[in-house]
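Notes to accompany the following structure.
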Amino acid sequence: PPPPSTARHEKGGGRTAAESLMDYVAYVCDQDAHACSGQKCSAQSMLVVHESWRPHLEPRLRTLAGRRRLQDLTVGPLLSVTSETFLGHMQDVLKIPGARLLWGGQELEGGEHGVPACYGAVEPTAVEVPLKEILRSRESFALATREIFGPFQVVTYFGNGELEGVLELV
Numbered sequence: 018p019p020p021p022s023t024a025r026h027e028k029g030g031g032r033t034a035a036e037s038l039m040d041y042v043a044y045v046c047d048q049d050a051h052a053c054s055g056q057k058c059s060a061q062s063m064l065v066v067h068e069s070w071r072p073h074l075e076p077r078l079r080t081l082a083g084r085r086r087l088q089d090l091t092v093g094p095l096l097s098v099t100s101e102t103f104l105g106h107m108q109d110v111l112k113i114p115g116a117r118l119l120w121g122g123q124e125l126e127g128g129e130h131g132v133p134a135c136y137g138a139v140e141p142t143a144v145e146v147p148l149k150e151i152l153r154s155r156e157s158f159a160l161a162t163r164e165i166f167g168p169f170q171v172v173t174y175f176g177n178g179e180l181e182g183v184l185e186l187v
């Protein structure tokens with residue numbers, strides 16, 4: 018094999034650098050949001066993405082989140098929030114105008130998981146909330162930025178003319 022500093026050129030069929038980068042970004046975002054079932058201080062609770070990345074990043078994120086299973090502990094019981102509280106928060110976020118469920122939003126294994134009710138057992142979940150709606154009121158901002166300490170994230174997209182709103186958000 019070539020030395021690590023040497024690029025290898027393949028004739029046809031190889032992945033582009035942009036595809037490899039997008040795969041890496043999706044992997045890191047999935048790990049940040051869902052590793053340890055989102056029960057870590059560094060968990061990504063909000064993902065802010067330029068709209069040009071949406072068609073490339075969102076399907077990858079959905080696929081990665083959908084691979085997580087209780088059987089292999091890539092998602093597991095939630096110690097600090099019940100399924101009812103988690104799903105109630107998700108429903109509240111979905112009431113923000115323009116919000117929509119991207120993936121998840123259900124108890125693990127259709128509720129047939131065997132995890133006691135005093136814990137949570139939910140699929141990795143993402144809700145898209147428009148940036149302008151997050152910033153519209155203190156209530157929307159507080160709801161969209163509330164940390165649930167589970168595999169839950171808000172995804173918001175921004176366009177070229179919305180950088181000021183992104184800076185206000187962060």
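Per the working numbering, the sequence shown starts with residue 18, numbered consecutively. C-beta atoms are modelled at their ideal positions from N, C-alpha and C, and glycine is treated no differently.
Per DSSP, the unbroken beta strand (DSSP E) holding ALA143 starts and ends at 142-145. The beta carbon of ARG117 lies closer than 6 Å to those of GLU145 in the same chain, with the five residues before and after it left out. Taking 8 Å as the cut-off, the beta carbon of ALA143 is found no closer than this to the beta carbon of GLY128. MET63 is bridged by DSSP to VAL171. The residues LEU152, in chain order, have a CB closer than 7 Å to that of GLU185 in the same chain once the five nearest residues on each side in sequence are set aside.
The DSSP-derived three-state label of GLU129 is coil. Spatial neighbours of ASP49 in its own chain (CB-CB distance under 6 Å, excluding positions within 5 residues in sequence) are listed in chain order as GLN61.
Here the alpha carbons of GLY182 and LYS149 stand approximately 8 Å from one another. Between the region 88-98 and the region 133-143 there are three or more inter-stretch CB-CB distances shorter than 8 Å, so the stretches are counted as touching. Beyond the five residues adjoining it in sequence on each side, GLU124 comes within less than 8 Å, by CB distance, of SER100, LEU104, HIS130, ALA138, VAL139 and GLU140 in the same chain, given in chain order. Beta bridge pairing from DSSP links TRP120 with ALA143. Taken atom to atom, the span from the alpha-carbon of CYS53 to that of ARG86 is near 12 Å. When the beta-carbon positions are compared, ARG84 and ALA43 stay at least 8 Å from each other. Annotation for ARG77: the continuous alpha helix (DSSP H) segment containing it runs 71-83. Taken through DSSP and simplified to helix, strand or coil, LEU95 comes out as strand.
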